[in-house]
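Engineer: When we follow the working numbering, the leftmost residue of the sequence shown carries the number 1, and every step to the right adds one. What follows is a structure written as structure tokens; I'll ask about it next.
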Amino acid sequence: MCGTRGTTETFSRSKRFCSVSCSRSYSSNSKKSSILARLQGRPPTRKSSHKLSLKSQTEASQSKTNEQHQESRAFGQDGKKTHRLLSLFTTVSFTNAPLCAQWDDIYVGLKVEVLNTHTALPSKVYWIATVVQLAGYKALLRHEGFEDDDSHDLWCNLGTADVHPIGWCAVNSKLLVPPQEVHQHIKDWKSYLMERLVGAHTLPVDFHVKMADSLRCPFRQGVRVEVVDRSQVSRTRLAVVDTVVGGRLRLLYEDGGLGPSGEVLSDFWCHMQSPLLHPVGWSERVGHSIKETDTSVNMSSHPAFRKVLHNSVPHQFRKLRTVYMGDTFFEEGMKLEAIDPLNLGNICVASVRKVLLDGYIMVGIDGVEIGDGSDWFCYHASSHAILPVGYCENNDIPLTLPPAIYNMLMHMWVYYVLSSSCGPSLIRLSQGDVGHGFTSGMKLEAVDLMEPRLVCVATVRRCVGRLLLLHFDGWEPEFDQWVDCQSPEIYPVGWCEITGYQLQPPIGPEPPQGQERSHTSKKAKPFMGKRSTFNFFYYWLLYDGYIYRMSKCCHYLPFILL
């Protein structure tokens with residue numbers, strides 16, 4: 001019932017629950033749903049089956065947009081100081097964010113009941129407030145009675161337990177008390193509130209129930225998975241789920257070892273929908289290298305390994321797009337452009353080193369490979385991280401060239417491709433534009449993929465199609481990282497507060513004297529090549545005394561994604 005997936009032995013005798021706590025949680029939610037249903041005058045159901053038609057949804061969306069604009073104008077015409085962010089957005093832009101599908105129900109102008117901190121009473125009391133602005137899960141609230149006075153506005157996370165729909169206090173016998181600053185200004189509060197609340201909208205009564213449901217994770221402690229080996233990215237290792245926080249998993253390698261005090265020596269953090277995470281048996285099925293577990297390492301004293309272990313199954317993982325591996329698929333030696341997995345701020349010249357099954361390929365970065373294949377990286381054919389030849393040139397992105405052609409002109413990249421064994425990748429890669437809603441300057445919370453246990457404050461520095469260039473606030477641009485707009489490792493403002501995950505605040509421009517930044521050494525200074533402009537599709541190349549005509553040499557042929 002909670003969404004957990006697994007084998008038969010994972011669940012209880014009734015096959016409905018994965019644990020006693022899950023059963024109790026479901027029982028509690030069912031009772032709460034019944035109470036909310038009676039308040040609304042409808043029979044209790046766990047999920048609403050009513051869906052608006054496309055036309056109704058469009059009209060509702062337009063209506064809410066107009067209300068937002070009107071409300072914004074109402075609060076901004078007085079010329080007083082207003083609270084503004086660099087850019088505002090909602091969780092709709094984040095396809096993996098909790099409650100993203102229901103976020104259309106949240107908009108400027110909603111009335112809510114919120115904890116009143118402007119009072120001297122010893123017990124908790126509440127008051128009615130209006131949503132003035134939205135930024136991720138954060139809402140700027142203004143208490144009723146302050147009218148156009150924004151000096152007491154406060155930011156609040158809508159996912160916390162202190163924000164409720166109108167009527168919650170009456171149902172739960174809580175007091176509604178106005179703030180001290182406006183208590184004497186209005187004589188008849190009952191009439192005032194009736195006038196303000198008639199025709200107003202509020203949060204859905206089951207808002208927090210849906211929030212809790214959206215935070216459920218199909219993984220739990222003790223589940224075995226295959227994940228990339230952080231010490232050698234060309235292979236995977238068996239690992240066990242230790243901790244689950246908001247869909248993010250802390251994985252312990254089965255042969256990682258324990259320290260003298262029982263601390264884990266080798267772990268890895270990733271989201272449950274990360275492309276680095278796979279079910280047990282995936283490596284053998286697609287032909288990927290996997291590290292043999294060292295059975296001499298004893299991990300049984302750790303709580304995660306004392307659980308009854310069971311293997312993960314494919315339907316617990318994100319399903320990738322089906323790839324037709326026909327004559328137009330990748331071949332070994334093909335050239336392309338790819339995000340460097342060890343330096344995520346660079347897009348480099350790369351080559352297909354090996355073709356696996358199920359649409360996976362092994363890619364190596366030209367000019368910096370060790371030679372034994374240990375630095376190859378596995379990508380799916382639909383990955384945002386692999387790009388066609390000329391992508392950087394067409395989108396004005398600096399391309400990191402191999403050291404062998406560092407001092408040559410950019411057009412030598414074309415000759416470099418044509419003189420290689422297989423030439424350019426004749427593939428139409430999956431890089432179509434999507435209406436993701438991101439723009440430069442937006443603030444968000446993002447995982448530092450070079451240190452994936454950290455979630456940091458970040459800013460969208462640039463948008464190129466599906467790709468977003470993220471800048472971590474307080475760090476130099478050399479630590480910027482390219483990510484996909486639908487990456488499971490980026491979150492709206494307020495995600496850490498909802499899930500209880502620690503958010504790393506921005507650091508100052510310079511560390512204190514005598515201290516070093518914790519992950520300054522994770523990247524070397526990018527080795528960037530020089531760039532010059534030319535037309536990829538029709539070009540005359542003078543090389544070694546000969547003139548070569550390259551007509552549409554880097555155009556890519558159709559490539560089927562089902």
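Every residue gets a Cβ at the ideal spot worked out from N, C-alpha and C, and that includes glycine.
Under a Cβ-count criterion, where at least 16 other Cβ atoms within 10 Å of its own Cβ denotes burial, should E195 be classed as buried or exposed?
Structural biologist: Position 195 of the sequence shown, counted from the start, is the residue given in the question as residue 195. The residue is exposed, with fewer than 16 neighbouring Cβ atoms inside 10 Å.
Engineer: Quick one: is I186 buried, meaning 16 or more other Cβ sit within 10 Å of its Cβ, or exposed?
Structural biologist: Looking up residue 186 in the sequence shown gives position 186. Its Cβ having fewer than 16 others within 10 Å, I186 is exposed.
Engineer: Measuring CB to CB, does W168 end up less than 8 Å from R453?
Structural biologist: As a working mapping, residue 168 is identified with position 168 in the sequence shown. As a working mapping, residue 453 is identified with position 453 in the sequence shown. Cβ distance not < 8 Å, so W168 and R453 don't count as in contact.
Engineer: Measure the alpha-carbon distance for N395 versus V457 and round it to whole angstroms.
Structural biologist: Position 395 of the sequence shown, counting from 1, holds the residue named residue 395. Position 457 of the sequence shown, counting from 1, holds the residue named residue 457. Roughly 26 Å separates the two Cα atoms.
Engineer: Grab the span of the beta strand (DSSP E) containing K138 for me, first residue to last.
Structural biologist: In the sequence shown, the residue the question calls residue 138 occupies position 138. Where K138 is concerned, the enclosing beta strand (DSSP E) stretches over 138-143.
Engineer: Apart from the five residues on each side of it in sequence, which residues of its chain come closer than 6 Å, Cβ to Cβ, to L193?
Structural biologist: Your numbering for residue 193 matches position 193 in the sequence shown. Excluding residues within five positions, none has a Cβ falling inside 6 Å.
Engineer: Check D105 in the structure and name its three-state DSSP category.
Structural biologist: Looking up residue 105 in the sequence shown gives position 105. Note: D105 maps to helix in three-state DSSP.
Engineer: Write down every uninterrupted run of the beta strand (DSSP E) in the segment 200-286 whose length is 3 residues or greater and which is fully enclosed by it, in chain order.
Structural biologist: Listed in chain order, the complete beta strand (DSSP E) runs (minimum 3 residues) inside the segment 200-286 are 223-229, 232-245, 248-253, 267-271.
Engineer: Would you kindly work out how many angstroms separate the C-alpha atoms of D448 and G390, rounded to a whole number?
Structural biologist: Position 448 of the sequence shown, counted from the first residue, corresponds to residue 448. Position 390 of the sequence shown, counted from the first residue, corresponds to residue 390. Taking the straight line from one Cα to the other gives about 28 Å.
Engineer: How many Å lie between H83 and E445 at the Cα?
Structural biologist: Counting from one through the sequence shown, the residue named residue 83 turns up at place 83. Counting from one through the sequence shown, the residue named residue 445 turns up at place 445. Caution applies to H83, whose pLDDT of 37 falls short of 50 and renders its modelled position unreliable; the value that the coordinates give is listed next. The straight-line gap from Cα to Cα measures roughly 20 Å.
Engineer: Can you say whether A350 is buried or exposed, counting buried as having 16 or more other CB atoms within 10 angstroms of its CB?
Structural biologist: Walking along the sequence shown from the start, residue 350 turns up at place 350. With 16 or more Cβ atoms within 10 Å of its Cβ, A350 is classed as buried.
Engineer: Among residues of its own chain, excluding the 5 on either side of L88, which ones have a beta-carbon nearer than 6 Å to its beta-carbon?
Structural biologist: If you number the sequence shown from 1, residue 88 lands on position 88. With a pLDDT of 46 at L88, under the threshold of 50, the predicted position of this residue should be treated as unreliable, though the coordinate-derived value follows. The answer, listed in chain order, is A135.
Engineer: In or out: R611 buried (at least 16 other Cβ within 10 Å) or exposed?
Structural biologist: Given a span of 1 to 562 for the chain in the structure shown, any question on residue 611 remains unanswerable.
Engineer: Applying the criterion that 16 or more other CB atoms from any shown protein chain within 10 Å of the CB defines a buried residue, is N346 buried or exposed?
Structural biologist: Along the sequence shown, one-based indexing puts residue 346 at 346. N346 is buried by the Cβ-count criterion.
Engineer: Taking only three categories from DSSP, how would you classify L344?
Structural biologist: By one-based count along the sequence shown, residue 344 stands at place 344. Correct three-state label for L344: coil.
Engineer: Do you know how far the Cα of D375 is from the Cα of E369?
Structural biologist: Mapped onto the sequence shown, residue 369 falls at position 369. Mapped onto the sequence shown, residue 375 falls at position 375. When rounded, the distance between both Cα atoms is 6 Å.
Engineer: Let's test the definition: count the other Cβ atoms within 10 Å of the Cβ of A97 and tell me whether it reaches 16, buried, or not, exposed.
Structural biologist: Residue numbering aside, residue 97 sits at position 97 when the sequence shown is read from its first letter. The residue is buried, with at least 16 neighbouring Cβ atoms inside 10 Å.
Engineer: Alpha carbon to alpha carbon, how far is Q184 from Q502?
Structural biologist: Taking the first residue of the sequence shown as 1, we reach residue 184 at position 184. Taking the first residue of the sequence shown as 1, we reach residue 502 at position 502. Between Q184 and Q502, the C-alpha separation is close to 41 Å.
Engineer: With burial defined as no fewer than 16 other Cβ atoms inside 10 Å of the residue's Cβ, what is the status of S261: buried or exposed?
Structural biologist: Here residue 261 refers to the residue found at position 261 of the sequence shown. Result: exposed.
Engineer: For G246 and D188, what's the separation of their Cα atoms in angstroms?
Structural biologist: Residue mapping note: residue 246 aligns to position 246 of the sequence shown, counting from 1. Residue mapping note: residue 188 aligns to position 188 of the sequence shown, counting from 1. Their Cα atoms are separated by approximately 45 Å.
Engineer: Considering only C-alpha positions, which residue in the set G326, V460, S300 is nearest to D473?
Structural biologist: The residue you call residue 473 lines up with position 473 of the sequence shown. When each option's Cα is compared against that of D473, the closest is V460.
Engineer: Note down, one range per segment and in chain order, each alpha helix (DSSP H) of at least 4 residues found wholly within the segment 352-406.
Structural biologist: With a minimum length of 4 residues, the continuous alpha helix (DSSP H) runs that stay inside the segment 352-406 are 391-394.
Engineer: Identify whether S191 lies in helix, strand or coil by the three-state DSSP scheme.
Structural biologist: Within the sequence shown, residue 191 is the residue found at index 191, counting from 1. In the structure shown, S191 sits in a helix (DSSP, three-state: H, G or I).
Engineer: Along the alpha helix (DSSP H) that carries T499, what are the first and last residues, could you check?
Structural biologist: Position 499 of the sequence shown, counted from the first residue, corresponds to residue 499. Start and end: 495-499.
Engineer: For R285, is the classification buried or exposed, using 16 other Cβ atoms within 10 angstroms of its Cβ as the cut-off for buried?
Structural biologist: The sequence position of residue 285 within the sequence shown is 285, counting from 1. The residue is exposed, with fewer than 16 neighbouring Cβ atoms inside 10 Å.
Engineer: Looking at the secondary structure, which residues open and close the alpha helix (DSSP H) in which W155 lies?
Structural biologist: Reading the sequence shown from its first residue, position 155 is the one you call residue 155. Segment 154-157 is the beta strand (DSSP E) holding W155; no alpha helix (DSSP H) there.
Engineer: Thinking C-beta only, is L277 closer than 8 Å to D267?
Structural biologist: Within the sequence shown, residue 267 is the residue found at index 267, counting from 1. Within the sequence shown, residue 277 is the residue found at index 277, counting from 1. Result no, Cβ atoms of D267 and L277 do not sit closer than 8 Å.
Engineer: Tell me, please, which residues DSSP counts as bridged to F472.
Structural biologist: Position 472 of the sequence shown, counted from the first residue, corresponds to residue 472. According to DSSP, which records beta bridges pairwise, F472 is partnered with A458.
Engineer: Rounded to whole angstroms, what is the Cα-Cα separation between L176 and A161?
Structural biologist: Locating residue 176 in the sequence shown gives position 176, where the first residue counts as 1. Locating residue 161 in the sequence shown gives position 161, where the first residue counts as 1. For L176 and A161, the distance between alpha carbons rounds to 16 Å.
Engineer: Once you ignore the five residues that flank V297 on each side, which residues in its own chain have a CB closer than 7 Å to its CB?
Structural biologist: Walking along the sequence shown from the start, residue 297 turns up at place 297. Result list for V297: D255, G257, in chain order.
Engineer: Measure the Cβ-Cβ separation of S191 and H436 and say whether it is below 8 Å.
Structural biologist: Within the sequence shown, numbered from 1, the residue matching residue 191 stands at position 191. Within the sequence shown, numbered from 1, the residue matching residue 436 stands at position 436. Taking 8 Å as the Cβ cut-off, S191 and H436 do not qualify as a contacting pair.
Engineer: What are the boundary residues of the alpha helix (DSSP H) that includes V198?
Structural biologist: As a working note, residue 198 is residue 198 in the sequence shown. Where V198 is concerned, there is no enclosing alpha helix (DSSP H), given that its DSSP letter is neither H nor E.
Engineer: Taking contact to mean at least 3 C-beta pairs separated by less than 8 Å, is the segment 226-243 in contact with the segment 295-315?
Structural biologist: The segment 226-243, when compared against the segment 295-315, does touch it at the 8 Å Cβ threshold.
Engineer: Beta carbon of I166, beta carbon of T117: below 8 Å?
Structural biologist: Reading the sequence shown from its first residue, position 166 is the one you call residue 166. Reading the sequence shown from its first residue, position 117 is the one you call residue 117. Against a cut-off of 8 Å, the Cβ pair of T117 and I166 comes out as no contact.
Engineer: Just the Cα atoms here: how many angstroms apart are R248 and Q180?
Structural biologist: Position 248 of the sequence shown holds residue 248. Position 180 of the sequence shown holds residue 180. Between R248 and Q180, the C-alpha separation is close to 42 Å.
Engineer: By the three-class DSSP mapping on this structure, what secondary structure does E113 have?
Structural biologist: Translated into positions along the sequence shown, residue 113 becomes position 113. In this structure, E113 counts as strand in the three-state DSSP scheme.
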